[in-house]
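Chains as they are written, first to last, in my numbering: chain A, 1 to 292; chain B, 1 to 246.
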């Protein structure tokens, strides 16, 4: 394998990893704060992809610019879902919470999936922008603009999220609630508002990932669960206590998958990712990026 | 002295087990009031009920400067100026000392004066200044209690409630915590304290209540209770003086 094609493979791994990362950060955020696994996270990603698709087709808006519409739309959907559905689950404790949150979010998965099948047809959709084939050529390595833009956005969003969480009051309220919700309330934080905001942010992150998926791969009503699983693997890889650690873990999985696809064979790319997942579970069960 | 906190006929349960039975007590402005009693008497439940963490209550009312608290959520009670340092400290472990303190000043009221309060807390506990960028869970037990105390002060309490602040700490640290309570009280903060170290608590407190099996079993000034043989026998491990062989 030449150096160029190695570099090409590595970069494509990073491009895919950026999508993985941003999808996983959303799941990790919701898990870390609401302490429940939102199985419908992939469905939110799917919805984000569709919103981007329709904005592109109806308004003729570039998918990257469409984020200005896609993010608020999914933010609002997230707010609504928290009010109507998750608010009731989040109050439960212990085993009851775990069981109910899994059941409720799995149920929601089925509902959203079928609504999407009914509203958007089961066809796979994708966005072909005018500059789809174009890219930067760097020392024999091609960097398509769509992929490059996606990775750049994923990076910027992760950095912004970091500053939001550590430098602003609403962000600190989120971190405090994730650490200890009782102490957060005692400090004067309305934790139910924190839960609502966090869930809406998680949905927005899913929407960003969905927009990146529809410009590079494609979206159909049934893709949700695959993305939930991928994001879940990454969250566990990073360590469930590490919200932003999910981003580098996503990049890592993307690169490992791409390299194993190139060196071992495309059939095995996901297998190697899962082998790495198992190894991490055995050797470092607290996750790669936890500090505790 | 005006009545700051009023607990009137409060009853509360944990699941099917009733933990508080018709508890009434009051804390006046400027006082240090201690609550002593054996394990499982309901002291922590009473603290959590006042702070809004234990809901719903079976009956009774809690008022603070005239405002009814019994149906308010915890965050609204914190906004009123009642700050609880919970048992076991409950810090934000993964966040830094500074972040813990900043979150302590989350309410709008406290936020405005954050910089000054922070300086006051650092003056009170210089060790926290040194360790301000360290994560809370890397601190020693004593430092963690100081941080919990400091975090509560950041919320500008008018009533500071502390649940077992000396539990599990070395004697020298306990001394420091009691000194700080005294100092804080002298600066105008009313203190309501649950403490297993009954002797030390009664020495500090102006008044105290004894809670046994979820009921108020006695009350008096700290001095009076310190001299009371029944109290000494039950909570300070002393035999009554007349029974002692001389």
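Cβ coordinates follow ideal geometry from the N, Cα and C atoms, glycine included.
For clarity, every value in this text was computed on a predicted model and none was experimentally measured.
Please classify residue i: does DSSP put it in a helix, a strand, or coil?
i: residue 246 of chain B; result: Annotation note: pLDDT 46 at residue 246 of chain B (below 50); position unreliable, coordinate value reported separately. Residue 246 of chain B falls in the coil class under three-state DSSP.
i: residue 253 of chain B; result: The shown model of chain B, from 1 to 246, leaves out residue 253 of chain B, and the question about it has no answer.
i: residue 37 of chain A; result: coil
i: residue 28 of chain A; result: helix
i: residue 208 of chain A; result: helix
i: residue 234 of chain B; result: helix
i: residue 45 of chain A; result: helix
i: residue 138 of chain A; result: strand
i: residue 5 of chain A; result: helix
i: residue 163 of chain B; result: strand
i: residue 77 of chain B; result: helix
i: residue 19 of chain B; result: strand
i: residue 177 of chain B; result: helix
i: residue 189 of chain A; result: coil
i: residue 24 of chain B; result: strand
i: residue 290 of chain A; result: coil
i: residue 92 of chain B; result: coil
i: residue 68 of chain B; result: strand
i: residue 16 of chain A; result: helix
i: residue 193 of chain B; result: strand
i: residue 227 of chain B; result: helix
i: residue 89 of chain A; result: helix
i: residue 135 of chain B; result: strand
i: residue 82 of chain B; result: strand
i: residue 108 of chain B; result: helix
i: residue 219 of chain A; result: strand
i: residue 48 of chain B; result: helix
i: residue 55 of chain B; result: coil
Would you kindly report the start and end of the unbroken alpha helix (DSSP H) that includes residue i?
i: residue 225 of chain A; result: 224 to 238
i: residue 66 of chain A; result: 63 to 81
i: residue 300 of chain A; result: Residue 300 of chain A lies beyond the range of chain A shown here (1 to 292); nothing can be said about it.
i: residue 95 of chain A; result: 94 to 120
i: residue 101 of chain B; result: 97 to 104
i: residue 142 of chain B; result: 141 to 154
Interface residues of chain B around residue i at Cβ under 7 Å?
i: residue 95 of chain A; result: What residue 95 of chain A touches in chain B: nothing, since even the nearest Cβ is about 15 Å away.
Please compile the residues from chain B whose C-beta is within a distance smaller than 9 Å of the C-beta of residue i.
i: residue 249 of chain A; result: Here the premise fails: no neighbours, minimum Cβ distance about 17 Å.
i: residue 20 of chain A; result: Correct list: empty, because the minimum Cβ distance to chain B is about 24 Å.
Starting from the beta carbon of residue i, find every residue of chain A whose beta carbon is closer than 9 Å, and list them in chain order.
i: residue 99 of chain B; result: 166, 172, 175 and 176
i: residue 83 of chain B; result: 186, 187 and 188
Which residues of chain A have a Cβ atom closer than 8 Å to the Cβ of residue i, listed in chain order?
i: residue 86 of chain B; result: 182, 183 and 186
i: residue 79 of chain B; result: 188
i: residue 142 of chain B; result: The premise fails here: residue 142 of chain B is roughly 19 Å from chain A at the closest Cβ pair, so nothing lies under 8 Å.
i: residue 235 of chain B; result: None at all; the shortest Cβ gap to chain A is about 27 Å.
From what residue to what residue does the beta strand (DSSP E) around residue i run?
i: residue 85 of chain A; result: Counting along the chain, residue 85 of chain A falls outside any beta strand (DSSP E), and DSSP gives it neither H nor E.
i: residue 220 of chain B; result: 215 to 221
i: residue 256 of chain A; result: Residue 256 of chain A -> not in any beta strand (DSSP E); alpha helix (DSSP H) instead, spanning 246 to 263.
i: residue 12 of chain B; result: 3 to 14
i: residue 60 of chain B; result: 59 to 64
i: residue 272 of chain A; result: Element bounds for residue 272 of chain A: not the beta strand (DSSP E) but the alpha helix (DSSP H), 269 to 283.
i: residue 121 of chain B; result: Looking at the DSSP string, residue 121 of chain B is not in any beta strand (DSSP E); the run it does join, the alpha helix (DSSP H), is 114 to 124.
i: residue 35 of chain B; result: 32 to 36
Should residue i be listed as close to the ligand GTP, given that the test is whether its C-beta is under 7 Å from any heavy atom?
i: residue 178 of chain A; result: No copy of the ligand GTP occurs in the structure displayed, which carries no ligand at all.
Strictly below 8 Å CB to CB, what residues from chain B border residue i?
i: residue 293 of chain A; result: Residue 293 of chain A cannot be examined here, being either before or after the span of chain A that is shown, 1 to 292.
So which residues on chain A does residue i lean against when the C-beta distance must stay under 7 Å?
i: residue 155 of chain B; result: 187 and 188
i: residue 210 of chain B; result: The contacting residues do not exist; residue 210 of chain B stays about 26 Å from chain A at best.
i: residue 90 of chain B; result: 180, 182 and 183
I'd like to know if the segment 248 to 262 of chain A and the segment 233 to 240 of chain A are in contact, where contact means that at least 3 CB-CB pairs between them fall below 8 Å. Contact between the segment 248 to 262 of chain A and the segment 233 to 240 of chain A is present, because at least three Cβ pairs lie under 8 Å.
In the segment 229 to 247 of chain A, which residues sit with their C-beta less than 8 Å from some C-beta in chain B, listed in chain order? Within the segment 229 to 247 of chain A, the qualifying residues are 241.
Output, in sequence order along the chain, the residues in the segment 33 to 51 of chain B whose CB is closer than 7 Å to any CB in chain A. Under the 7 Å Cβ criterion, the segment 33 to 51 of chain B contributes 51.
Short-range partners of chain A found in the segment 99 to 129 of chain B, where Cβ spacing is below 9 Å: The residues in question are 99, 100, 102, 103, 104, 105, 106, 107, 108, 109, 110 and 111.
Positions along the segment 166 to 177 of chain B whose CB lies within less than 8 Å of some CB in chain A: Closer than 8 Å at the C-beta level to chain A, one finds no residue of the segment 166 to 177 of chain B.
Count the C-beta pairs between the segment 197 to 217 of chain A and the segment 43 to 56 of chain A that are closer than 8 Å, then say yes if the count reaches three, no if not. Judged by Cβ distances under 8 Å, the segment 197 to 217 of chain A makes contact with the segment 43 to 56 of chain A, as three or more pairs qualify.
Do the segment 96 to 105 of chain A and the segment 30 to 40 of chain A meet, that is, are 3 or more Cβ pairs less than 8 Å apart? Short answer: they touch.
Does the segment 61 to 70 of chain B come close enough to the segment 91 to 98 of chain B to have 3 or more Cβ pairs within less than 8 Å? The segment 61 to 70 of chain B, when compared against the segment 91 to 98 of chain B, does not touch it at the 8 Å Cβ threshold.
Name the residues in the segment 4 to 30 of chain B whose C-beta lies less than 9 Å from a C-beta of chain A; which are they? Taking 9 Å as the cut-off between beta carbons, none of the residues of the segment 4 to 30 of chain B comes near chain A.
Would you list, in chain order, the members of the segment 49 to 73 of chain B that have their beta-carbon closer than 8 Å to a beta-carbon of chain A? Against chain A - using a Cβ distance shorter than 8 Å - the residues of the segment 49 to 73 of chain B are 51, 52, 53 and 73.
Check whether the segment 8 to 23 of chain B and the segment 200 to 208 of chain B are in contact - that is, three or more C-beta pairs closer than 8 Å. Counting Cβ pairs under 8 Å, fewer than three are found: no touch.
Determine, using beta-carbon pairs with one atom in the segment 11 to 26 of chain A and one in the segment 133 to 150 of chain A, whether at least three such pairs fall under 8 Å. Yes, the segment 11 to 26 of chain A touches the segment 133 to 150 of chain A.
If contact is defined by three or more beta carbon pairs under 8 Å, each pair taking one atom from either stretch, is the segment 40 to 50 of chain B in contact with the segment 107 to 126 of chain B? Contact between the segment 107 to 126 of chain B and the segment 40 to 50 of chain B is absent, because fewer than three Cβ pairs lie under 8 Å.
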